[in-house]
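Numbering (our numbering), first residue to last: 719 to 923.
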């Protein structure tokens with residue numbers, strides 16, 4: 719989507735999707751955090767962080783979060799929201815002006831969160847993003863993908879289409895899924911023989 723689309727949205731409303739007030743969004747964030755297979759992560763990457771609501775919750779599980787958006791207004795709101803938020807055991811955040819399609823940071827992550835961003839891409843763009851995510855994901859890392867399932871005329875794709883393409887990527891293996899009428903949540907890890915479930919890591923098997 720062009721930058722102007724998001725600039726117009728934030729010009730009329732500092733929280734156009736009501737991330738801070740809707741139970742739908744609060745519930746979705748709780749399910750997203752609960753689905754993460756590791757208790758703690760070293761470094762997370764969150765493209766499309768918006769005003770930083772999910773970012774703040776990721777900070778409770780991550781030592782470091784790199785959160786990005788293409789909307790400067792959203793990043794400024796996120797910065798105000800997250801300033802001083804760090805609590806004992808919480809992580810640090812770095813906010814960047816960056817969008818899917820730009821060059822990825824020259825680092826690896828053990829958590830990548832693609833939440834409500836991939837339906838702005840066409841199929842080729844999404845495949846390129848998934849390739850980049852796999853290339854920047856640690857061998858035991860987690861890729862979390864969460865998207866609205868209803869059709870939106872301005873979007874280039876749908877949540878169902880995004881997650882269908884995700885499921886076919888040869889470099890990823892599914893480990894968890896939640897689906898209801900409104901959104902899909904999928905957790906993947908790099909494909910390979912070294913994958914272990916939460917129960918296996920905890921010595922239950």
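From the three backbone atoms N, C-alpha and C, an ideal C-beta is built for every residue, glycine too.
#1: By DSSP's criteria, residue 860 is part of a beta bridge. Which residues make up the other side?
#2: Given this structure, state the Cα-to-Cα distance separating residue 923 from residue 798, to the nearest angstrom.
#3: CB-CB under 8 angstroms to residue 782, same chain, minus the five flanking residues each way: which ones, in chain order?
#4: On the premise that residue 902 lies in contact with residue 881, defined as a C-beta separation below 8 angstroms, what is that separation, rounded to the nearest angstrom?
#5: Please list the terminal residues of the continuous alpha helix (DSSP H) segment that includes residue 773.
#6: Given this structure, state the Cα-to-Cα distance separating residue 889 from residue 852, to the nearest angstrom.
#7: Is the segment 723-732 touching the segment 745-756, taking contact as three or more C-beta pairs under 8 angstroms?
#8: Check this for me: beta carbons of residue 884 and residue 904, under 9 angstroms apart or not?
#9: By the DSSP assignment, the beta strand (DSSP E) with residue 909 in it spans what residues?
#10: Run through DSSP, which three-state label would residue 892 get?
#11: Since residue 829 and residue 859 should fall inside the 8 angstroms C-beta cutoff, what is the C-beta to C-beta distance between them, to a whole number of angstroms?
#12: Using the three-state DSSP reduction, which class does residue 722 fall into: helix, strand or coil?
#13: So, residue 816 versus residue 850, is the Cβ gap smaller than 9 angstroms?
#14: With DSSP collapsed to three states, give me the class of residue 739.
#15: Within the continuous beta strand (DSSP E) that includes residue 787, where are the two ends?
Quick answer:
#1: 829
#2: 45 angstroms
#3: For residue 782, where only same-chain residues beyond five positions count, the Cβ hits under 8 angstroms are 760, 761, 762, 809, 810, 811, 812.
#4: 5 angstroms
#5: Its alpha helix (DSSP H) spans residues 771-776.
#6: 7 angstroms
#7: no
#8: yes
#9: Counting along the chain, no beta strand (DSSP E) covers residue 909, and no H or E run does either.
#10: strand
#11: Their Cβ separation, rounded to whole angstroms, is 6 angstroms, which keeps residue 829 and residue 859 in contact under 8 angstroms.
#12: helix
#13: For residue 816 and residue 850, no; Cβs fall outside 9 angstroms.
#14: coil
#15: 780-787
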